[in-house]
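If you read the sequence shown in my numbering, its first letter stands for residue 23, the second for the next number, and so on. Heads up, the beta-carbon is just placed ideally off N, CA and C, and yes, glycines get one too.
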Amino acid sequence: MQEKNKPFPLGKLPADYLACLLTRFSARDPRVILGPKVGEDAAVLDMGDRYLVAKSDPITFASDAIGWYAVHVNANDVACAGATPRWFLATVLLPQERADGTMVDDIFAQITQACDEVGATLVGGHTEITFGLDRPILVGVMLGEVAPERLVTTGGARSGDAVLLTSRVAVEATAIIAREKRDELSAFHGLSVGELDRYSNFLYDPGISVVRAAKVATDSASIHAMHDPTEGGLATGLWELATAAGVGLEIEAEAVPVYPETRALCDVFGLDPWGVIGSGSLLLTLDGTDAGRVCDALAEAGVEAAVIGQVVSPERGVTLRREGQRAIPLPTFDRDEIARLFD
């Protein structure tokens with residue numbers, strides 16, 4: 023448990039502290055189907071024949087694409103509930119003495135483009151010039167809807183399920199590292215302009231959106247759980263899934279794919295790909311007999327997918343197995359590895 027007067031590290035609040043904090047709140051409205059809980063991606067409210075799914079997330083990295091980025095990361099979490107993103111709100115905080123019409127026009131053009139890509143509409147928010155900022159910060163809210171029988175939660179994983187991962191780990195981190203450390207990577211590590219452009223473009227190709235992957239998966243089979251690994255990377259995402267569902271996990275290290283570009287950038291800065299921010303991947307659990315069909319459907323849609331482990335009983339813990347070795351506890355990260363770039 024976090025010491026009361028000890029500063030928190032960059033990133034998410036520690037999971038145990040957050041879990042304790044959230045016990046102070048109870049849902050007094052019976053229409054709250056899913057409220058705040060460690061590991062869950064969004065809130066769910068009963069609106070009659072449909073559920074309203076609500077998500078809020080800020081963007082503090084990748085400031086040159088902040089508007090586009092904010093729409094997609096919020097849409098991802100709505101999609102992880104099996105829902106369709108519909109309505110977006112943006113709180114745009116702009117740096118004093120730097121904000122001008124060019125900056126604002128660019129941010130809102132990005133929001134419009136990204137909303138078009140996910141099928142959502144900008145419906146409101148707030149803008150202001152804010153004291154003490156050195157870059158724009160955008161806090162997004164995405165609202166979506168889903169039929170009650172199609173709702174998926176992180177906490178729905180069942181013992182015996184297969185654990186499936188789409189794309190490869192740390193797509194988001196690859197883009198952020200290349201964008202935030204471009205000059206250093208060029209001057210001191212010999213990366214070419216072409217390489218840096220390609221790594222930076224990971225934001226769009228393979229891309230950080232999982233909206234399409236989530237829809238293909240839920241249209242193909244009964245998905246028990248979905249989760250979007252973001253801060254803290256795949257390892258944290260797996261721990262959050264296990265915590266939300268009250269289950270254990272057995273993960274096969276060699277089954278988890280990593281782009282060579284991602285590994286190269288992480289190696290330069292001594293980062294672990296399992297612990298860096300990971301939008302672009304989607305974790306799913308489902309009956310093992312359905313895994314092949316879902317992987318085939320995703321492949322047909324151009325989405326890479328692999329079975330990386332299985333859900334087990336909680337007393338077996340959350341473990342990682344490497345070929346020829348005994349299983350060990352899955353590593354944990356007190357903060358996202360990418361924060362080390364800014365120490």
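{"Check": "Local conformation of residue 45 per DSSP, three classes", "Outcome": "coil"}
{"Check": "Contact the segment 307-319 vs the segment 165-183: 3+ CB pairs below 8 Å", "Outcome": "yes"}
{"Check": "Residue 156 to residue 118 span [Cα, whole Å]", "Outcome": "8 Å"}
{"Check": "Cβ pair count under 8 Å reaching 3, the segment 106-121 against the segment 144-161", "Outcome": "yes"}
{"Check": "Proximity of residue 230 and residue 306 at Cβ, strictly below 9 Å", "Outcome": "no"}
{"Check": "Identity of the residues DSSP links to residue 168 by a beta bridge", "Outcome": "73"}
{"Check": "Distance between residue 32 and residue 121 (C-alpha atoms, nearest Å)", "Outcome": "26 Å"}
{"Check": "For residue 99, the first and last residue of its enclosing alpha helix (DSSP H)", "Outcome": "88-101"}
{"Check": "Alpha-carbon to alpha-carbon, residue 254 and residue 67", "Outcome": "28 Å"}
{"Check": "Distance, residue 269 Cα to residue 70 Cα", "Outcome": "31 Å"}
{"Check": "CA nearest to the CA of residue 332, picked from 222, 264, 167", "Outcome": "264"}
{"Check": "As assigned by DSSP and simplified to three states, the class of residue 124", "Outcome": "helix"}
{"Check": "Alpha-carbon spacing of residue 224 relative to residue 52, whole angstroms", "Outcome": "42 Å"}
{"Check": "Sequence-distant residues of its chain with Cβ nearer than 8 Å to residue 317 (five each side left out)", "Outcome": "186, 327, 328, 329"}
{"Check": "Opposing strand residues paired with residue 152 [DSSP bridges]", "Outcome": "117"}
{"Check": "Touch test, the segment 186-197 against the segment 281-291, Cβ-Cβ under 8 Å, three pairs minimum", "Outcome": "yes"}
{"Check": "Extent of the continuous beta strand (DSSP E) run through residue 213", "Outcome": "Counting along the chain, residue 213 falls outside any beta strand (DSSP E), and DSSP gives it neither H nor E."}
{"Check": "Three-way DSSP call (helix, strand, coil) for residue 206 in this model", "Outcome": "helix"}
{"Check": "At least 3 beta-carbon pairs within less than 8 Å: the segment 85-92 vs the segment 128-141", "Outcome": "yes"}
{"Check": "Reduced DSSP secondary structure (H/G/I, E/B, other) of residue 132", "Outcome": "helix"}
{"Check": "The segment 293-307 in contact with the segment 352-362 per 3-pair CB rule at 8 Å", "Outcome": "yes"}
{"Check": "Distance between beta carbons of residue 196 and residue 221, contact taken as under 8 Å", "Outcome": "6 Å"}
{"Check": "Anticipated Cβ contact below 8 Å, residue 104 with residue 168, distance rounded", "Outcome": "5 Å"}
{"Check": "C-beta contact flag for residue 366 and residue 352 at 9 Å", "Outcome": "A question about residue 366 goes unanswered here, because the residues of the chain that appear run from 23 up to 365."}
{"Check": "Candidates 159, 109, 81, 173: closest to residue 248 by CA position", "Outcome": "173"}
{"Check": "Cα-Cα separation, residue 219 to residue 213", "Outcome": "10 Å"}
{"Check": "For residue 104, the three-state DSSP class (helix, strand or coil)", "Outcome": "coil"}
{"Check": "Under the three-state DSSP convention, the category residue 189 falls into", "Outcome": "coil"}
{"Check": "In DSSP terms, what residue 68 is bridged to", "Outcome": "73"}
{"Check": "Three-state class that DSSP yields for residue 342 in the structure shown", "Outcome": "strand"}
{"Check": "Own chain partners of residue 200 with C-beta closer than 6 Å, once the 5 adjacent residues on each side are dropped", "Outcome": "218, 221, 222"}
{"Check": "Residue 310 - containing alpha helix (DSSP H), residue span", "Outcome": "310-322"}
{"Check": "Coil, strand or helix - residue 274 by DSSP", "Outcome": "strand"}
{"Check": "Cutoff 7 Å; reference residue 211; Cβ partners in own chain excluding five residues on either side", "Outcome": "290"}
{"Check": "Backbone CA spacing between residue 324 and residue 95 [nearest angstrom]", "Outcome": "20 Å"}
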